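Colleague:
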Amino acid sequence: MLTKAKGKTCYNQSVPRPALWKVRYMLRKSKALAKIRAGEPVRICMLGHFIPPYVHLAAQAGFDCIWLDLEHRLIDEREVQALLAQFHLADIDCMLRSPTREKNRLYRYLEDGATGLMIPHVSTVEEAEALVQATKFPPQGDRGLDGVGFDTHYALTDRETYTEHANRETFLVVQIETPEGVKNAEQIAALDGIAGLFVGPSDLGLRLSKFKGLPSLDECIEQVAHAAAQYGKAWGLPAGTPEQLAKYHGMGAQLLAHGSEYGALKGMLDASARRFDAAFASK
């Protein structure tokens, strides 16, 4: 508190400092998890390039979460850190698809501000259990503790509050992309620490098409949906069309991804090219 002393303004050390920092540095809650816990669908769009404005535009449009793809896209680590800060400014979840399963790199993404991780090609319960161990603090897992990263507002949050909050408000989603993964979906869904199962229809469909005697893609999706429902876990997949969105929502999918920067740019360029064609044809 500022006071006057002998004509000068000074800070009165005897008066408790205001607790404004407690408001400013409240740990962020996951919008995706809030929707899942309420039984509602999560609105997800995709991003694979360093485009900070996209994060804010998605949040303003009403999306809950952005799937940041680092499996098939290359973004510099410093740029990833900068993007994750934008997610917090915009108050939108980042579900980061990791290019690695290395334990300390996984929880570094969480320390840098990712709300959740999505791990591709998880086919066995042992793989899923290892991921839980890497991304959850004890007693749920074996994640390493730093406590001075971006996700703790650089140590402005007490340690006990932070670890409990991190276990509750960050999430792990595993991708089911192989026939083996479909077969083991129930065991994977049963694990504490797995928030959701996400079908990769391209990879799964490719593998189903190369071997005889396997179920269809639609049958596999239904099997994953059943496994998730049996253990109260969310499930989902990309939905490329409005019809697919409605179909999978009707099947109980909560993790629905629709829309991307690539699709937006391609759509704009195709539309602009058609306008050129129309304008030049009329001359």
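Here the sequence shown is numbered in the numbering used here, starting from 844 and rising by one per residue.
Note that CB positions come from ideal geometry on N, CA and C, so glycine has one too.
Predicted, not measured: the structure shown is a model, and the values here were computed from it.
At 4 residues or longer, and completely inside the region 1020 to 1095: list those alpha helix (DSSP H) runs for me, N to C.
Modeller: 1022 to 1026, 1028 to 1032, 1044 to 1053, 1060 to 1073 and 1085 to 1093
Colleague: By the 10 Å Cβ neighbour count, where 16 or more other Cβ atoms means buried, how is THR1084 classified, buried or exposed?
Modeller: THR1084 is classed as exposed because its beta carbon has fewer than 16 other beta carbons within 10 Å across all chains shown.
Colleague: DSSP three-state call for PHE1119: helix, strand or coil?
Modeller: helix
Colleague: According to DSSP, is VAL975 helix, strand or coil?
Modeller: helix
Colleague: Under the three-state reduction of DSSP, which class applies to ASP955: helix, strand or coil?
Modeller: DSSP, reduced to helix, strand and coil, places ASP955 outside both helices and strands of the structure shown, so it counts as coil.
Colleague: Determine the direct distance from the alpha carbon of ALA875 to that of ILE1064, and round the result to whole angstroms.
Modeller: 21 Å
Colleague: Over what stretch of residues does the alpha helix (DSSP H) that includes VAL923 continue unbroken?
Modeller: 920 to 933
Colleague: Quick one: give me the first and last residue of the alpha helix (DSSP H) that HIS899 is part of.
Modeller: 895 to 904
Colleague: May I have the straight-line CA-CA distance separating GLU1016 from GLY1095, to the nearest angstrom?
Modeller: With the sequence shown as reference, residue 1016 is identified as Val, and Glu is not the correct amino acid for it. So the two alpha carbons sit approximately 16 Å from each other.
Colleague: Looking only at its own chain, which residues have a Cβ that is under 6 Å from the Cβ of VAL885, when we skip the five neighbours before and after it?
Modeller: Cβ neighbours of VAL885 beyond the five flanking positions: ALA875, LYS878, ASP907, CYS908, GLN1097 and LEU1098.
Colleague: Going by DSSP, what residues sit across from ASP936 in a beta bridge?
Modeller: ASP936 is bridged to CYS908.
Colleague: Take GLU969 and list the residues in its own chain whose beta-carbon comes closer than 6 Å to its own, dropping the five residues that flank it on each side.
Modeller: Only residues of its own chain outside the window of five on either side were considered, and among them none has a CB closer than 6 Å to the CB of GLU969.
Colleague: Could you tell me which residues DSSP pairs with MET889 in its beta bridges?
Modeller: In DSSP, MET889 forms a bridge with TRP910 and SER1103.
Colleague: Measure how close the beta-carbons of PRO1022 and ARG1050 come, nearest whole angstrom, since I'm counting them as under 8 Å.
Modeller: 6 Å
Colleague: Per the contact definition of three or more C-beta pairs closer than 8 Å, is the region 999 to 1009 in contact with the region 915 to 922?
Modeller: When C-beta atoms of the region 915 to 922 are compared with those of the region 999 to 1009, fewer than three pairs fall below 8 Å, so the two segments do not count as touching.
Colleague: How many Å lie between GLU954 and PHE1123 at the Cα?
Modeller: 53 Å
Colleague: Closest by CA to GLU1029, which one among GLU1020, ALA1071 and GLU1007?
Modeller: ALA1071
Colleague: For ALA1073, count neighbouring Cβ atoms within 10 angstroms of its own Cβ and tell me buried if that reaches 16, exposed if not.
Modeller: Going by the sequence as given, residue 1073 is Gln instead of Ala. GLN1073 should be labelled exposed.
Colleague: For HIS1008 and ALA1121, what's the separation of their Cα atoms in angstroms?
Modeller: 56 Å
Colleague: Mind checking which residues open and close the alpha helix (DSSP H) that includes GLU1003?
Modeller: 1002 to 1012
Colleague: Excluding sequence positions up to five away, which residues of its chain have a Cβ less than 6 Å from the Cβ of LEU911?
Modeller: LEU890, CYS937 and LEU939
Colleague: Going by other Cβ atoms of all chains shown within 10 Å of its Cβ, with 16 needed for buried, is GLU1062 buried or exposed?
Modeller: When all chains shown are included, GLU1062 counts as exposed.
Colleague: Is it the case that the Cβ atoms of GLY905 and PHE930 are separated by a distance below 8 Å?
Modeller: No, they are not a contact pair.
Colleague: On a CA-only basis, which of SER1115, THR958, ILE1019 and GLY1106 is nearest ARG871? Give me that one, please.
Modeller: Residue THR958 is the option with its Cα nearest to ARG871.
Colleague: Could you tell me which of ALA971, PRO942 and ILE887 sits nearest to ALA1038, measuring between CA atoms?
Modeller: ALA971
Colleague: Can you give the Cα-Cα distance for SER1045 and ARG1118, rounded to whole angstroms?
Modeller: 33 Å
Colleague: What number of angstroms, rounded off, separates the C-alpha of VAL1114 from the C-alpha of SER1052?
Modeller: Reading off the sequence shown, one finds Ala at residue 1114, where the question assumed Val. Put simply, the backbone Cα of ALA1114 is about 34 Å away from that of SER1052.
Colleague: What number of angstroms, rounded off, separates the C-alpha of SER1107 from the C-alpha of THR978?
Modeller: A quick correction: the sequence has Ala, not Ser, at residue 1107. Distance between the alpha carbons of ALA1107 and THR978: 33 Å.
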